[in-house]
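For the record, the sequence lines run as chains A and B. In this text, residue positions in the first sequence follow the working numbering: the first is 654, and each later residue adds one. In this text, residue positions in the second sequence follow the working numbering: the first is 133, and each later residue adds one.
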Amino acid sequence: MTRAHDPHGDLVSGGSGVGVLAPTRPPETPLARLRWAVVDGWTVTRRDLTHWIRSPEEVLGGLTFPVVSVLLFGYVLGSAMVVPGGGDYREFLMPGLFGMTMVFGMVITASAVVTDTSRGVTDRFRSMPMAPSAVVAGRSVADMIRAALDLTALLGCGLLVGWRAHGGVAAFLAAVGLLLLLRFALIWVGIYVGLLLRTPESATTLMTLVLPFAMIANTFVAPELMPSWLGVVAEVNPMSATVAATRELFGNPGLGGGSWLARNALLMAVVWPVALVAVFFPLSVRRFRDMSR
Amino acid sequence: MRTAAATLTGEIAAGERECAVLARGLRKRYGETTALDGFDLAVPYGTVCGLLGPNGAGKSTAVRVLSTLLRPDGGRAEVGGFDVVTQARQVRYRIGLTGQNPAVDDVLTGRGNLEMFGRLYHLGPRAARRRAQELLEQFNLTDVADTPPRRYSGGMRRRLDLAVSFIMAPPVLFLDEPTTGLDPRHRLEVWNGVRDLVAQGTTVLLTTHYLDEVDQLADDISVIDRGRVIARGTPDELKSTLGGDQLDVVLDDPAELGRAAEALAVLAGAPPRVRPEASRLTVPVRERVTALTEALRVLEAAGIAVRDIGIRRPTLDEVFVRLTGHHPESGETDTPADTAVDPAAGAGDEDEREGGR
């Protein structure tokens, strides 16, 4: 068999159509390794983005629930809703829906991960000389791009129903940053959960577990209006910290609750995601390594 | 003493380094189950080695260890001269892997798959595009190049999977039950694809529980049972050393089968098998050349009318039963994986068939 080696990785094909076309040695310098990690990660990201471009119904489907919630809660149930301290219910509602969309993103990550592992695509990646970090890095970047687009769509939706950010540009960016930080933390939860699941179908069941998590929070109703024990659960929910912090930054109504957690929402909106990453990043890495045990 | 120690620690002797795939004393346990129990294998460059064994014999575990997906608990293995544990990345540049389920992206097109995986093998964008086109042609996939694999037939998905494994024209290709669940026509397509690769010098390690598959493709067979290789040789060697020749006799009158079996017992190396519904008798014989004339003489002397008589090599199936005491893959029905080649129909897929990992 004729083989030609080209250290730059471009095609040097033999006459028979067979020939080695890329370097057959792993990158040696740290810089070369970093370069391949970035290139490989981007290749995986492009693949994940292509999935969504090819099946836009999936992306739109993911946005259906928050958008329907705007109508359902904002208009149908809104008149019966009480915002502590007064204020427009739809102004109160939108930050909750922003947070909920970020939380639902966890299911997107988990289902993409389990689809790849159950179909053998993850094993194919693992049998290839690509950078081992690229599968996860590519996944994260794609998920963050999708989260940013979802959030943009929902912000537009909020503007349509009369929601406004009153806090200025810096506060607005900080609020968006906190929402994306929560989403980033949930990527690691999603990867871990995805590696635990066996079939892509089970990811659908996951949604029914995530839904109460998104509801038992300050999303739709202020925790102080819930039975006291449930109010505590809702306040401890990491999502509540992010939602309360974004309400504060957007200048939306509904701040309240005298608890320490409620008063320190901005701090907790950073602490919770960092804690989630600290727990689920090592768990995911270990689970991934366990695939070769 | 020296050799015993070498086997135990899984040392690899200098002369064996010519081999594309080499395993010494591989061991792997999953909890209580021992998947590999001192697994040895040597596959010279440019040959096709068939790894044959029943379900659960350790075939897939062996392939997963050799393709760097799984760490062995003990023993050593080298692929293309590189250690599968300590030099995994070098090994990965030199192997292709086609597992039990086609590991392709169902949403990207066939071409998109080849280009993406090409990029992950570190081909430049142009090179990846060119290689994708070459492979689409080589594997007869040009008609469906721009269709996503979820609309492919089972055979087409496997061929795309093979094409992806072959992007780097790797010196070593692992095929783990590449035709399980395919109908005969699609199986033939995959076989032809494999033959082309072998003609270009690729070394292939093929696991299967279809005996005709190794008979068709393999130069060398290793029979694996309970995590170790229990026999090896060419298909012919295995047939002649282990099975002996088989004498088939068909009688006019099934009622005389018993008498015929008795008469032929003198020639037999093992008890004859009688199949009354076919009026047929199969006798494993010791001496190939004299068996036929002897048989005719004995039967004539007993006054038994013979409709047909012939001598043949045993089938691998018979060899396998002799070696392992059980039938390969008893129970599994050979269901066609898919409906016709119809890109318009959302054809089902056979993914759920074999649990996988």
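From the three backbone atoms N, C-alpha and C, an ideal C-beta is built for every residue, glycine too.
{"Query": "Are any of the Cβ atoms in chain B nearer than 7 Å to that of Gly-791 of chain A?", "Result": "no"}
{"Query": "What are the complete beta strand (DSSP E) segments, minimum 3 residues, inside the region 219-262 of chain B?", "Result": "227-230"}
{"Query": "Rounded to the nearest angstrom, what separates Glu-419 of chain B and Leu-343 of chain B at their Cα positions?", "Result": "25 Å"}
{"Query": "If contacts are defined as beta-carbon pairs under 8 Å, then Ala-167 of chain B and Gly-359 of chain B qualify, I think. What distance do you get, rounded to the angstrom?", "Result": "6 Å"}
{"Query": "DSSP three-state call for Asp-293 of chain B: helix, strand or coil?", "Result": "helix"}
{"Query": "If we count the other Cβ atoms within 10 Å of its Cβ and call it buried at 16 or more, is Ile-840 of chain A buried or exposed?", "Result": "buried"}
{"Query": "Taking Leu-497 of chain B as the reference, give the member of A:Asp-701, A:Val-885, A:Thr-775 with the closest Cα.", "Result": "Residue 497 of chain B lies beyond the range of chain B shown here (133 to 489); nothing can be said about it."}
{"Query": "Contact criterion: CB-CB distance below 7 Å. Does Ala-235 of chain B meet it with respect to chain A?", "Result": "yes"}
{"Query": "According to the neighbour-count rule (16 or more other Cβ atoms, all chains shown, within 10 Å of its Cβ), is Arg-688 of chain A buried or exposed?", "Result": "exposed"}
{"Query": "Does the Cβ of Leu-413 of chain B have 16 or more other Cβ atoms within 10 Å, making it buried, or fewer, making it exposed?", "Result": "buried"}
{"Query": "So, does the region 245-260 of chain B touch the region 311-325 of chain B, judging by three or more C-beta pairs under 8 Å?", "Result": "no"}
{"Query": "Rounded to whole angstroms, what's the CA-CA distance from Gly-694 of chain A to Met-248 of chain B? Just pull it up for me.", "Result": "12 Å"}
{"Query": "Let me check understanding here. Comparing Cα to Cα, which of B:Glu-388, B:Leu-337, B:Leu-307, B:Tyr-253 lies closest to Ala-155 of chain B?", "Result": "B:Leu-337"}
{"Query": "Would you say Ser-945 of chain A reaches chain B, if we count a Cβ-Cβ gap shorter than 7 Å as a contact?", "Result": "yes"}
{"Query": "So the candidates are A:Pro-683, A:Thr-858, A:Asn-905, A:Val-789; which of them puts its Cα closest to the Cα of Gly-738 of chain A?", "Result": "A:Asn-905"}
{"Query": "Under a Cβ-count criterion, where at least 16 other Cβ atoms within 10 Å of its own Cβ denotes burial, should Phe-933 of chain A be classed as buried or exposed?", "Result": "buried"}
{"Query": "State yes or no: is the beta carbon of Tyr-342 of chain B nearer than 7 Å to at least one beta carbon in chain A?", "Result": "no"}
{"Query": "Identify the continuous alpha helix (DSSP H) that holds Leu-154 of chain B and give its terminal residues.", "Result": "Looking at the DSSP string, Leu-154 of chain B is not in any alpha helix (DSSP H); the run it does join, the beta strand (DSSP E), is 151-162."}
{"Query": "Please state whether DSSP places Arg-699 of chain A in a helix, a strand or coil.", "Result": "helix"}
{"Query": "Could you confirm whether any beta carbon from chain A is found closer than 7 Å to the beta carbon of Leu-198 of chain B?", "Result": "no"}
{"Query": "Where does Gly-213 of chain B sit, in a helix, a strand or coil, going by DSSP?", "Result": "coil"}
{"Query": "Terminal residues of the continuous beta strand (DSSP E) containing Gln-378 of chain B?", "Result": "377-383"}
{"Query": "Below 7 Å between beta carbons: does that hold for Val-180 of chain B and Cys-151 of chain B?", "Result": "no"}
{"Query": "Buried or exposed for Glu-450 of chain B, going by 16 or more other Cβ atoms inside 10 Å?", "Result": "buried"}
{"Query": "Helix, strand or coil for Gly-815 of chain A? Go by DSSP, reduced to three states.", "Result": "coil"}
{"Query": "For the candidate residues B:Val-296, B:Glu-426, B:Leu-379, B:Glu-369, whose alpha-carbon lies nearest to that of Leu-246 of chain B?", "Result": "B:Val-296"}
{"Query": "Given a limit of 9 Å on CB to CB distance, which residues of the region 299-320 of chain B reach chain A?", "Result": "Ile-299, Met-300, Ala-301, Pro-302, Pro-303, Phe-306"}
{"Query": "Applying a beta-carbon distance threshold of less than 7 Å, which residues of chain A neighbour Arg-203 of chain B?", "Result": "Ser-945, Arg-946"}
{"Query": "Going by DSSP, what residues sit across from Pro-891 of chain A in a beta bridge?", "Result": "Answer by DSSP bridge pairing: none, since Pro-891 of chain A is not bridged."}
{"Query": "Ordered along the chain, which non-local residues of its own chain (more than five positions away) have a Cβ less than 7 Å from that of Phe-726 of chain A?", "Result": "Leu-746, Phe-873"}
{"Query": "Quickly, what does DSSP pair Arg-412 of chain B with across the bridge? List them, please.", "Result": "B:Val-382, B:Arg-407"}
{"Query": "Within 7 Å of any Cβ in chain A, is that where the Cβ of Gly-231 of chain B sits?", "Result": "yes"}
{"Query": "Run through the region 262-335 of chain B for me and flag every whole beta strand (DSSP E) of 3 or more residues, listed as ranges in chain order.", "Result": "304-308"}
{"Query": "Just to confirm my understanding: we take Val-760 of chain A, look at its own chain, exclude 5 residues before and 5 after, and list those with CB closer than 6 Å. What are they?", "Result": "Leu-859, Met-860, Val-863"}
{"Query": "Among the candidates B:Gly-178, B:Val-197, B:Thr-230, whose CA atom is the shortest distance from the CA of Thr-218 of chain B?", "Result": "B:Val-197"}
{"Query": "Mind the definition here: the region 218-234 of chain B touches the region 260-277 of chain B only if three or more C-beta pairs lie below 8 Å; say whether that holds.", "Result": "no"}
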